[in-house]
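Chains E and D are the protein sequences, given in the same order.
1 is the number of the first residue of the first sequence in the UniProt record's numbering; add one for each residue after it.
1 is the number of the first residue of the second sequence in the UniProt record's numbering; add one for each residue after it.
All remarks here apply to the structure that follows.
There are 2 protein chains.
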Amino acid sequence: MKNEIKVFCPATIANISCGFDVLGVALDNVGDEMVVKKTSKKGITITKIEGQNLPLQTHKNVAGVAGLALLSASDYEGGFEIEIYKKIKAGSGIGSSAASSTGAVCAMNKLLGEPFSNLELVQFAMKGEELASGVQHADNVAPAIYGGFTLVRSYSPLDIIKINTPKKLYATVIHPQIEIKTSDSRKILKTTISLADGIKQWGNVGGLIAGLYTEDYDLISRSLEDHIIEPIRSILIPAFDNVKSASLNAGALGCGISGSGPSIYALSKGKETAEKVAQAMQNIYNKVGIPYDIHVSTVNTEGIKTIS
Amino acid sequence: MKNEIKVFCPATIANISCGFDVLGVALDNVGDEMVVKKTSKKGITITKIEGQNLPLQTHKNVAGVAGLALLSASDYEGGFEIEIYKKIKAGSGIGSSAASSTGAVCAMNKLLGEPFSNLELVQFAMKGEELASGVQHADNVAPAIYGGFTLVRSYSPLDIIKINTPKKLYATVIHPQIEIKTSDSRKILKTTISLADGIKQWGNVGGLIAGLYTEDYDLISRSLEDHIIEPIRSILIPAFDNVKSASLNAGALGCGISGSGPSIYALSKGKETAEKVAQAMQNIYNKVGIPYDIHVSTVNTEGIKTIS
């Protein structure tokens, strides 16, 4: 068995418009890398973080906390050293904390001979999410671990379903360089919704899942609506309405807030359209004068990948 | 082209626990029959209703109202005579009004050479539903017309998706002989719900749709939960909790209120289990002393069927 492993930890888009707190999808071309080593020393030691200023202390780092959750459920008596090469910016809304939490637990699981199921790995990684946002949400960690589109059918008991990924689906993500904390963007949400909006939302979730299985891009497009969260959260994101309408005009199937923002995602059929959408998004932020990162990616159907 | 047609008009289960106002399924072994004839006389004439005491006046009968909606959208200059042989009891919660509305418009459409799409037929039939309940709901008329499981993804614009039906799925329906008006059972619902319950509901809708496509009976079972409507409406149905727990103990995948009640439905894998569930349901109402009708049925994947 290997003593050291290097993994790719994908960025993820949570919510996907209609699926607040339940849907997510993993990306191929955006993500961190981590190197995890087995050591005789007990516990988790984070030896290096490159690319971002994040705490090295195990209890303050999401990878450390998620790793400790795995360790405490394991009969392994040694420990792990972790190096983190961050490329996903914290607070970007594309699962930066989830990438680190899931990368840590998946790498450790592989080094231990895979004693834990994907569902258990999600539960460990959710401890990292709790540290990052105050809430044990699973909509980023589930797609990072399972790959593709995932549905968190239920949180109690935790029940995660991997959904089919249509072949031609591409994601475009633009990250305007402003920070919104997940905890802040949760606070502005209302705790009640109208039954009428709820009906629209579960109609769209049903439509999106049906569209993903039948690879019906028109149905996917019609289902990418959010009547509940987007109207509230989008006010925190500069020029959201312009970016969205420019994306749809450029041919995107749908466009909305990635996770709790500020990143905005769009799904498109085919790479060419996804790139046109990227150009349309950039044009808006160039005009407004807000710096951004932009990504075009296929869907990562595999989840955390072993690099070496 | 035929001048007369006899059709089978299936009973339907709306909501299917998690899918309030959006999901429905058509049945094979429970339904009305209608005979519809082309006449040179304009308008709709209901010449006969057997099996139930319902108004013959066109404007007061759901089949009449739905038929008039079709007629007014058509360039056909004659009319139709309708005979209705009711077997589904009004107010039973298994789509009695929908069976009559959809039977009328589907039969007329066939006699006219099918000028209208299924979606248009649903819109005509919804006028009948409005007469019956005050609301143009589509969750019974959609499965009666499309067959199988249907999702009303959106009401505005109307968007209906036919969902895959797993081969071994059976429905059991028990109708306790008490009347609940659809309009009354709507009144007791709250107009707001908690966001937390909404998340559970759209997680379950997503899970149910995924389970129907992948024919994953366990997932279907886990998804047949209703955290929003059932806790409120079930108080109108005598011994609901006992019937539900007896059904689940007998092996049902799930059990809930059919439409707005008072009928209770269960889904099972295989006929044998569906019949055990029927026996378990009957035992409860036999003990309580409430008369009932009981049905065990395969899913009708065809919708309205031409008998002759």
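Glycine included, every Cβ here is placed at the ideal spot set by N, Cα and C.
request  = Kindly indicate which residue of E:44, E:202, E:228 has the alpha-carbon position closest to the one of residue 58 of chain E.
outcome  = As a first step, residue 58 of chain E is located in the first sequence; it is residue number 58 there, counting from the start. Minimum Cα distance to residue 58 of chain E is reached at E:44.
task = State yes or no: is the C-beta of residue 263 of chain E within less than 7 angstroms of the C-beta of residue 92 of chain E?
result = Residue numbering aside, residue 263 of chain E sits at position 263 when the first sequence is read from its first letter. Residue numbering aside, residue 92 of chain E sits at position 92 when the first sequence is read from its first letter. Yes. Within cutoff.
ask   = Looking at chain E, which residues of the stretch 202-217 of chain D have a Cβ within less than 7 angstroms of any of its Cβ atoms?
value = 202, 203, 204, 205, 206, 207, 209, 210, 213
query = For the stretch 178-186 of chain E against the stretch 242-253 of chain E, are there 3 or more C-beta pairs whose distance is under 8 angstroms?
reply = In this structure the stretch 178-186 of chain E does not touch the stretch 242-253 of chain E; the number of beta carbon pairs closer than 8 angstroms is below three.
request  = Take the Cβ of residue 73 of chain D as the centre, count every other Cβ of all protein chains shown within 10 Å, and call the residue buried at 16 or more, exposed below.
outcome  = Taking the first residue of the second sequence as 1, we reach residue 73 of chain D at position 73. So residue 73 of chain D ends up on the exposed side.
inquiry  = To test your reading of the DSSP string, which unbroken alpha helix (DSSP H) runs of 4 or more residues are found completely within the UniProt domain "GHMP kinase C-terminal" (209-286) of chain D?
reply    = 217-223, 230-233, 240-249
request  = For residue 198 of chain D, decide whether its Cβ has a neighbour in chain E, counting only Cβ atoms nearer than 7 angstroms.
outcome  = Translated into the one-based positions of the second sequence, residue 198 of chain D becomes position 198. Chain E, which has a Cβ nearer than 7 angstroms to the Cβ of residue 198 of chain D, makes this yes.
query = How about residue 186 of chain E: is its C-beta nearer than 7 angstroms to some C-beta of chain D?
reply = The sequence position of residue 186 of chain E within the first sequence is 186, counting from 1. By this cut-off, residue 186 of chain E is not an interface position.
task = Examine chain E for any beta-carbon lying closer than 7 angstroms to the beta-carbon of residue 191 of chain D, and answer yes or no.
result = For this step, residue 191 of chain D is matched to residue 191 along the second sequence. Judged by the 7 angstroms Cβ criterion, residue 191 of chain D is in contact with chain E.
query = What does a CB cutoff of less than 6 angstroms around residue 132 of chain E pick up in its chain, not counting 5 residues either side in sequence?
reply = Numbered from 1 along the first sequence, position 132 holds the residue referred to as residue 132 of chain E. Only 62, 97 meet the Cβ criterion.
message = Which runs of the alpha helix (DSSP H) at least 4 residues long sit entirely within the stretch 94-176 of chain E? Give them in chain order.
response = 96-111, 118-133, 141-146
message = I want to see whether chain D comes within less than 7 angstroms of residue 241 of chain E, judged by CB atoms only; does it?
response = The residue given as residue 241 of chain E occupies position 241 in the first sequence. Not one chain D Cβ lies under 7 angstroms of residue 241 of chain E.
key: Which listed residue (E:29, E:66, E:26, E:170) has its alpha carbon closest to that of residue 123 of chain E   = Against the first sequence, residue 123 of chain E aligns to sequence position 123. Comparing Cα positions, the closest option is E:66.
ask   = Between residue 227 of chain D and the rest of its own chain, which residues show a CB-CB distance below 7 angstroms, the 5 nearest in sequence each way excluded?
value = For the purposes of this step, residue 227 of chain D is identified with residue 227 of the second sequence, where counting begins at 1. Within the same chain, residue 227 of chain D has close Cβ partners 197, 200, 201.
message = So if I threshold CB-CB distances at 9 angstroms, which residues from the stretch 18-42 of chain E count as touching chain D?
response = Shown in chain order are the members of the stretch 18-42 of chain E whose Cβ falls below 9 angstroms from a Cβ of chain D: 18, 19, 20, 21, 22, 23.
ask   = In chain E, which residues lie with their C-beta within 7 angstroms of the C-beta of residue 161 of chain D?
value = Taking the first residue of the second sequence as 1, we reach residue 161 of chain D at position 161. Listed along chain E, the residues sitting closer than 7 angstroms to residue 161 of chain D by beta-carbon distance are 207, 210, 219.
Limits of the alpha helix (DSSP H) - the one that residue 72 of chain D falls within = By 1-based counting over the second sequence, the position of residue 72 of chain D is 72. Residue 72 of chain D -> alpha helix (DSSP H) spans 62-73.
request  = Check the Cβ-Cβ distances between residue 153 of chain D and every residue of chain E, and say whether any is below 7 angstroms.
outcome  = One-based indexing of the second sequence puts residue 153 of chain D at position 153. With 7 angstroms as the cut-off, residue 153 of chain D counts as an interface residue toward chain E.
request  = Using a Cβ-Cβ cut-off of less than 7 angstroms, list which residues of the stretch 103-122 of chain D approach chain E; keep chain order.
outcome  = none
inquiry  = Counting only Cβ pairs nearer than 8 angstroms, list the residues of chain E close to residue 222 of chain D.
reply    = Here residue 222 of chain D is taken as the residue at index 222 of the second sequence, counted from 1. Think of a sphere of 8 angstroms around the beta carbon of residue 222 of chain D: the chain E residues whose beta carbon falls inside it are 153, 154, 159, in chain order.
message = Distance check for residue 191 of chain E and residue 239 of chain E, CA to CA, integer angstroms please.
response = One-based indexing of the first sequence puts residue 239 of chain E at position 239. One-based indexing of the first sequence puts residue 191 of chain E at position 191. Roughly 26 angstroms separates the two Cα atoms.
request  = Kindly indicate if chain E contains any beta-carbon less than 7 angstroms away from that of residue 183 of chain D.
outcome  = For the purposes of this step, residue 183 of chain D is taken as the residue at position 183 of the second sequence. Cβ-Cβ to chain E under 7 angstroms: no for residue 183 of chain D.
ask   = Would residue 194 of chain D count as contacting chain E if we go by Cβ distances under 7 angstroms?
value = For the purposes of this step, residue 194 of chain D is identified with residue 194 of the second sequence, where counting begins at 1. Interface residue, yes.
task = Kindly identify the DSSP beta-bridge partner or partners of residue 192 of chain D.
result = Residue 192 of chain D sits at position 192 when you count from the first residue of the second sequence. In the DSSP secondary-structure assignment, residue 192 of chain D is bridged to E:194.
request  = Check whether the stretch 6-25 of chain D touches the stretch 28-38 of chain E, taking contact to mean three or more Cβ pairs, one atom from each stretch, closer than 8 angstroms.
outcome  = no
request  = Kindly identify the DSSP beta-bridge partner or partners of residue 8 of chain E.
outcome  = Position 8 of the first sequence, counting from 1, holds the residue named residue 8 of chain E. For residue 8 of chain E, which the question treats as bridged, DSSP gives the partners E:33, E:305.
query = Does the distance from the C-beta atom of residue 172 of chain D to that of residue 30 of chain D stay below 7 angstroms?
reply = By one-based count along the second sequence, residue 172 of chain D stands at place 172. By one-based count along the second sequence, residue 30 of chain D stands at place 30. Result no, Cβ atoms of residue 172 of chain D and residue 30 of chain D do not sit closer than 7 angstroms.
inquiry  = Please list the terminal residues of the continuous beta strand (DSSP E) segment that includes residue 50 of chain D.
reply    = Here residue 50 of chain D refers to the residue found at position 50 of the second sequence. It spans 43-50 - the beta strand (DSSP E) in which residue 50 of chain D sits, taken as one unbroken run.
ask   = Taking 6 angstroms as the cut-off, does the CB of residue 233 of chain D come closer than this to any heavy atom belonging to the ligand PLP?
value = Absent from the structure shown: the ligand PLP. Ligands present: none.
query = Less than 7 angstroms separating the beta-carbons of residue 252 of chain E and residue 288 of chain E?
reply = Counted from its first residue, the first sequence places residue 252 of chain E at position 252. Counted from its first residue, the first sequence places residue 288 of chain E at position 288. Going by C-beta atoms, residue 252 of chain E is not nearer than 7 angstroms to residue 288 of chain E.
query = Which one or two residues does DSSP pair with residue 83 of chain D in a beta bridge?
reply = The count along the second sequence starts at 1 and reaches residue 83 of chain D at position 83. DSSP lists D:35, D:48 as partners of residue 83 of chain D.
key: Burial state of residue 261 of chain E (16 or more Cβ within 10 Å)   = Counting from 1 along the first sequence, the entry for residue 261 of chain E is found at position 261. With a 10 Å radius around the Cβ and a threshold of 16 neighbouring Cβ atoms, residue 261 of chain E comes out buried.
task = Starting from the Cα of residue 214 of chain E, find the closest Cα among D:135, D:161, D:274, D:6 and give me that residue.
result = Taking the first residue of the first sequence as position 1, residue 214 of chain E is located at position 214. Minimum Cα distance to residue 214 of chain E is reached at D:161.
query = DSSP state of residue 28 of chain D, grouped into three classes?
reply = As a first step, residue 28 of chain D is located in the second sequence; it is residue number 28 there, counting from the start. DSSP places residue 28 of chain D in strand when its eight states are reduced to three.
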